[in-house]
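First up is the structure itself, then whatever we jot down about it.
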Amino acid sequence: MVIGKCRLCNNSIKPFIDFGKMPIANAFYFKKDYNKQYYFDMKVASCSRCYCFQLVNIPDPKLMFHENYAYFASTSKFMQIHWRKLSDKIKKKFKDNKHNTIIEIGSNDGIFLKNFSNIKKWTAIGVEPSKNVAKFSKFQGVKNVIVDFFNYELTNKIISKFKSKADVVISTNTMHHIENTNSVFKGVKNILNMKGIFITEDPSLFEMIKKNTYDQIYAEHMYIWSAISLDIISKKHGLFLYDLENNTVHGGCTRYYFCHRGHFKRTKRCNNFITKEKKLGLDKAVTYKKFREKIINHSNKIYKIVYDLSNKGKKICGYTAPAKSTTLINFSRLNANLIDKVFDNTKAKIGKNYPGKNKIPVKSSEDFRKEKCDYVILFAWNHKKEILKKERSFTKKKSIKWIIPMPKIKIFK
Ligand code: TYD
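Residue numbers are given in our numbering: position 186 of the sequence shown equals residue 229, and the series is strictly consecutive.
Here you go:
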């Protein structure tokens, strides 16, 4: 297998799995553009020096985050509440300051920053490279949005434009999307006030390995972070991981808190979690060897289930077209012969096809109830609660069965 270089510490890395040619996960395309799709070699490695879990090759970020970006975070009510709760927590923590500045790295459609708009005490600045989602955040009341990639150079521009540094820098599900993590940490170190905090929340490597939720690995998710590796990287840039919290969002995320080195002491729960990560073997090559076997087994299993049902004449549809299912569908050889169509509520995906060679069309979720199918695969299994609450009485009435692909495959009515 090809050996690459760790994007964080330049160490030599060797992939533990090769997913083959994969498209960009959010690159839903019109039928006529089938042949114009972009593919890259999706190989995954864990660095033996800084333990950074990463894709060995990635497409040019401009091909992934642009004016037609298909991911609008506000499509989930659950996520809106999730981020509102975090913003309440931050407001409470900084309530004694006369004025605060918060900068969000990858502010998407404003789902988080809108909670700070129209509050005199707060200046909210979003940085978002995808023009279309950035534009939408203005409609949500976020006045200051810089359409760009966050990096060290940009922090200097922000400081001179706003004549201020930040009390809070936050990234909600974006650190794993940014190629140059070193530049992000250097930028945060540059722009964060002495008493400021840096918060990041991303899918957790611990949860992914434990639950085998490998659909988290795709072009835009070029890293899956662990506390072990973020601790090493942040220290290199004079920042310090002092606390963390785990939650069940996206199948398991970790929220990390950083400060300037020496400012806060590390919490017990943070130390405990790092110990837990080491116990699970996130810093050992053998863990990834086993992970590879589990991925291949799961992928073969889901293919067999869908293939057998289809062979029996059952009609199978999908519900939701999240980016994460691009890996599951393409790696598991699911295609339009097996899955009739997928229903989703994102305008930028409806009427297009699933990225890759599968040719599965995406239709509006408004049409789901008009469709007669026998089985429906819930690709956004992380939104199971919200979706089943909405659709289960209908599917029960029509005797449609659900297939939950992850973390464990489950089939029920
Ligand atoms: P999500 O799991 O949030 O993320 P990712 O794309 O990063 O894997 O994607 C959720 C997808 O599910 C998104 O395309 C919107 C869609 N969706 C629905 O169609 N209906 C719903 O009720 C919900 C909650 C999501």
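Ideal Cβ positions, reconstructed from N, Cα and C, are used throughout, including at glycine.
Please classify V349: does DSSP put it in a helix, a strand, or coil? helix
What would DSSP say about Y112, mapped onto helix, strand or coil? coil
Alpha carbon of K400 to alpha carbon of L381, nearest angstrom: 13 Å
Indicate the three-state DSSP secondary structure (helix, strand or coil) for C296 in the structure shown. strand
Tell me the residue span of the alpha helix (DSSP H) that contains L51. No alpha helix (DSSP H) contains L51, which DSSP labels as neither H nor E.
Residue from L284, Y299, A328 with nearest C-alpha to F307: L284
Going by DSSP in three states, Q183 sits in which element: helix, strand or coil? coil
Our contact map puts D245 next to C296 with C-beta atoms below 8 Å; I'd like the distance itself, whole angstroms only. 6 Å
Does the segment 310-322 come into contact with the segment 369-381, if we say contact requires no fewer than three beta-carbon pairs (one atom in each stretch) closer than 8 Å? no
What does T166 pair with, by DSSP beta-bridge criteria? T144
Determine, using beta carbons only, whether I260 and S214 come nearer to each other than 8 Å. no
Assuming L282 and H303 form a contact by the criterion Cβ under 8 Å, report the distance between their Cβ atoms to the nearest whole angstrom. 6 Å
Looking only at its chain, what residues have a beta carbon closer than 7 Å to the beta carbon of S119, apart from the 5 residues adjacent to it on each side? H426, E429
S173 CB to nearest heavy atom of the ligand TYD below 7 Å: no
Using a Cβ-Cβ cut-off of 6 Å (strictly less than) and excluding sequence neighbours within five positions of F179, which residues of its own chain qualify? D152
Looking at N425 and the ligand TYD, is the gap between the Cβ and the nearest heavy atom below 7 Å? yes
Could you give the C-beta distance for I403 and I454, rounded to a whole number, given that I count them as a contact under 8 Å? Going by Cβ atoms, the distance from I403 to I454 rounds to 20 Å, so no, they are not a contact pair.
Report yes if the C-beta of H293 is less than 7 Å from at least one heavy atom of the ligand TYD; otherwise report no. yes
Less than 7 Å between the CB of I430 and some heavy atom of the ligand TYD, yes or no? yes
Pair every Cβ in the segment 180-193 with every Cβ in the segment 162-171, then say whether three or more of these pairs are closer than 8 Å. yes
On the CB-based measure, 16 or more other CB atoms within 10 Å of its CB, does V329 come out buried or exposed? exposed
Determine whether the beta carbon atoms of N175 and E110 lie at a separation below 8 Å. yes
Are the CB atoms of C93 and L129 nearer to each other than 8 Å? no
Below 8 Å on the Cβ atoms is my guess for K358 versus D410; work out the distance and round it to an integer in Å. K358 to D410, Cβ: 14 Å. No contact.
With distances taken Cα to Cα, identify the nearest neighbour of C49 among T243, K415, V99. V99
Return yes when the Cβ of H220 is within less than 8 Å of the Cβ of M265, no when it is not. yes
Is any beta-carbon of chain C found at less than 8 Å from that of N53? Absent from the structure: chain C. Only one protein chain is present.
Tell me, which residues are paired with H264 by DSSP? Y261
What distance in whole Å lies between the Cβ atoms of A270 and A68, which are believed to be in contact at a cut-off of 8 Å? Actually they do not touch by this definition, with Cβ atoms about 25 Å apart.
Which residues in the same chain have their Cβ closer than 6 Å to the Cβ of T217, if we skip the five residues on either side of it in sequence? I148, G149
Residues in the same chain with beta-carbon distance under 7 Å from W165, minus the five sequence neighbours each way, listed in chain order, please. N143, I145, F159
Closer than 7 Å: is that where the CB of N388 sits relative to any heavy atom of the ligand SAH? The ligand content of the structure shown is limited to the ligand TYD, which means the ligand SAH is not among them.
May I ask which residues mark the beginning and end of the beta strand (DSSP E) holding H286? Correcting the residue type first, residue 286 is Asp in the shown sequence and not His. Run containing D286: 282-290, per the beta strand (DSSP E) assignment.
Whole-Å CB distance - Y362 paired with V419, under 8 Å assumed: 5 Å
On the CB-based measure, 16 or more other CB atoms within 10 Å of its CB, does T438 come out buried or exposed? buried
Applying the 10 Å Cβ sphere with the 16-neighbour rule, what's the burial state of F374? buried
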